[in-house]
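When we follow the numbering used here, the leftmost residue of the sequence shown carries the number -15, and every step to the right adds one. Ideal placement from N, C-alpha and C gives every residue a C-beta, glycine not left out. Predicted model, so just to flag it, every value in this text is computed and none were measured.
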Amino acid sequence: MPVDLDAIPDKAPKIPRPKTRRWLGFWLVCLVIGMLATVWFWQADRSSATFWFTALGVPTFFFGAIFSLRRIGYKSDQVWAASWDAERHRLYQQETARGQRCAWMIDASVVTTLSEGREALVDAVLDNDPLMSSITPRSGKGTLRHTYLQGFEKTQSELLVRLFNTLTSRLAEPMAKLPESMPCMLALQVGADLEPSVIERLWKETSHSLSRQFISLNEPEFHVLDRWLDTYYDIPSALLVVSAQINSAPVEGSGEAIVGTLLVNRPSPEYPDAVFVHRPQLGSPDNLTQTLSRALLWTKSAPEEIKYSWLTGGALALDGLWGMACESNGVVLNMQTQSSSLDMVVGYTGHAAPWLALAAGATHAEQGGMKLVLAVQTSQEHIWVGGVSPAILK
């Protein structure tokens, strides 16, 4: 589950000390009342020691008993507050450490309208070379600006099976280098109108082509990364996420893509230059500033260390919301030259968008040797913000 430091209770309120002047005043009141009561009701000789003990000693003893109970209560409250704060600090440190768990990206394979891999995609985005154009979708109804996967025009299921085979063949080599005993999780995130039998076929063919027995993680978006980092972090394991978006009825500004991402939760000697993928933080447009702050905490990065940002989804690149969040956190980025939107080039790719942004960001971080952040808006209420760090900073 996403780490939420805001759910941790606040520190215990400061325990006020007993006010000395007020208690001295109370003691005087006790003495006055005790003296008056003794004088009023005393019938024997008033010069005896018993009289003065009753007039002064009894009120003082009464005051001492009340004051002692107050001090005991004060010390008890102090012990409670100290215990509360210590437990809160322990929980805060524990949740922060959980948030700072990361993965290593072994490889990522991308199929977009370019059909040439993630390096070509990054180059096209950095060059601001839009791939969208006004074309007729597969349905043959009207024209609109979007991108689609070319070379196959029959059915979505046939296209998806073919692309899955292409993608898994590219990931077969890095997967083969992982120990056979390492547990492997598989998540299929498919945005297409498909029969359940097609999804089952994709699962079986992926398992067969990679010669692996996979454990299913059925979570959407980056939730699967969250769950994997929490559930399987104690043992070395791998996570393969295959995400795809095939539009039967595309909308303006949409795109199609298929992305395969292979991650491990331990450094691999076979891949010493693997990029760090830090835990993404889930937020909303209303608390984007705080969401970015948490993402920086998970990456253990100072704001000035962030050199670039990759955006997709919503209107992050247009409405100034992302720029204000960066400015509020001290992340100094030129939104024209140090921030790129995938949507401007390949369109918004739905289920594949988070992983396409991760693949592009990881490639850019590896090429430039710099830390960067990703912002992915998957709905009106949800924005994921995460960090990517190269193995070696340049």
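{"Item": "Below 8 Å between beta carbons: does that hold for TRP26 and PHE35?", "Value": "yes"}
{"Item": "Out of SER325, LEU305, GLY126 and ALA28, state which residue places its alpha-carbon closest to the alpha-carbon of TRP294.", "Value": "SER325"}
{"Item": "Quick check on ILE90: buried or exposed, where buried means 16 or more other Cβ atoms within 10 Å of its Cβ?", "Value": "buried"}
{"Item": "From LYS161 to SER195, what does the alpha carbon distance come to, in whole angstroms?", "Value": "12 Å"}
{"Item": "Would you list the residues sitting across from TYR332 in a DSSP beta bridge?", "Value": "SER238"}
{"Item": "Can you name, in chain order, every residue of its own chain whose Cβ lies under 7 Å from the Cβ of ARG102, other than the five neighbours on each side?", "Value": "ALA92, VAL94, ALA343, ALA344 and THR347"}
{"Item": "Can you tell me whether ASP113 is helix, strand or coil according to DSSP?", "Value": "coil"}
{"Item": "Just to check my reading of the structure: VAL384 and GLU79 have Cβ atoms closer than 8 Å, yes? What is that Cβ distance to the nearest angstrom?", "Value": "Residue numbering for the chain in the displayed model covers -15 to 378; residue 384 lies beyond these limits and cannot be assessed."}
{"Item": "Please identify the residue among SER32, VAL109, SER252 and ARG146 whose C-alpha is closest to the C-alpha of GLN134.", "Value": "ARG146"}
{"Item": "Cβ atoms of ASN313 and SER277: under 8 Å apart, would you say?", "Value": "yes"}
{"Item": "Which first and last residues belong to the beta strand (DSSP E) in which PHE260 is found?", "Value": "259 to 262"}
{"Item": "Could you give the distance in angstroms between the alpha-carbon of TYR255 and the alpha-carbon of SER117?", "Value": "38 Å"}
{"Item": "Going by C-alpha distance, which of VAL235, ASP214, GLU236 and VAL243 is nearest LEU224?", "Value": "VAL243"}
{"Item": "On the criterion of 16 or more Cβ atoms from any shown chain inside 10 Å, does PHE47 qualify as buried, or is it exposed?", "Value": "buried"}
{"Item": "Assess, as a yes-or-no matter, whether the stretch 80 to 87 is touched by the stretch 299 to 318 under the definition of 3 or more beta carbon pairs within less than 8 Å.", "Value": "no"}
{"Item": "Below 8 Å between beta carbons: does that hold for LEU170 and SER193?", "Value": "no"}
{"Item": "Is the Cβ-Cβ distance between ASP113 and VAL329 less than 8 Å?", "Value": "yes"}
{"Item": "Helix or strand or just coil, what does DSSP make of THR245?", "Value": "strand"}
{"Item": "What is the DSSP secondary structure of THR347, reduced to helix, strand or coil?", "Value": "helix"}
{"Item": "As a quick exercise: from LEU(-11), PHE51, SER32 and ILE(-8), pick the residue whose alpha carbon is nearest that of ARG1.", "Value": "PHE51"}
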